[in-house]
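Contents: one structure, followed by commentary.
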Amino acid sequence: MAEDELAPAGDTDDELTSYLAALAPETDTETTASGTSFGSAQVYQLRLTLMDNEQLKELAGERQTSPQALATEWVMQRLQWEARQRGY
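The sequence shown maps to residues 1 to 88 in full-length UniProt numbering.
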């Protein structure tokens, strides 16, 4: 694009602004930010060592699922086990 084709400083590209606004997520109460609510659920971050992360990915691949889904399944299983131990 030639320099003389550039919009002068201060001018806005309404089409670009509209396009970017359409791509931007709408403000909502739900979020996936760490430790905040997502509907009625809570979102947590999980930090693993490189070796543990690779093992999780490998196990998830063997089970044809995502590492996130596998970790969630394991946490839920453990919580159910803990509840049974406490008589809930």
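Ideal placement from N, C-alpha and C gives every residue a C-beta, glycine not left out.
Identified DSSP bridge partners for residue i
{"i": "A83", "result": "Its beta-bridge partners do not exist; DSSP assigns none."}
Reduced DSSP category for residue i - H, G, I as helix; E, B as strand; rest coil
{"i": "Q42", "result": "strand"}
{"i": "Y88", "result": "coil"}
{"i": "Q64", "result": "coil"}
{"i": "A21", "result": "helix"}
{"i": "R78", "result": "helix"}
{"i": "D52", "result": "helix"}
{"i": "R47", "result": "coil"}
Residue i vs residue j beta-carbon contact at 8 Å
{"i": "R63", "j": "L56", "result": "no"}
- Can at least three beta-carbon pairs, one atom from the segment 13-23 and one from the segment 52-65, be found at a separation below 8 Å? No, because fewer than three Cβ pairs between the segment 13-23 and the segment 52-65 fall closer than 8 Å, the two stretches do not touch.
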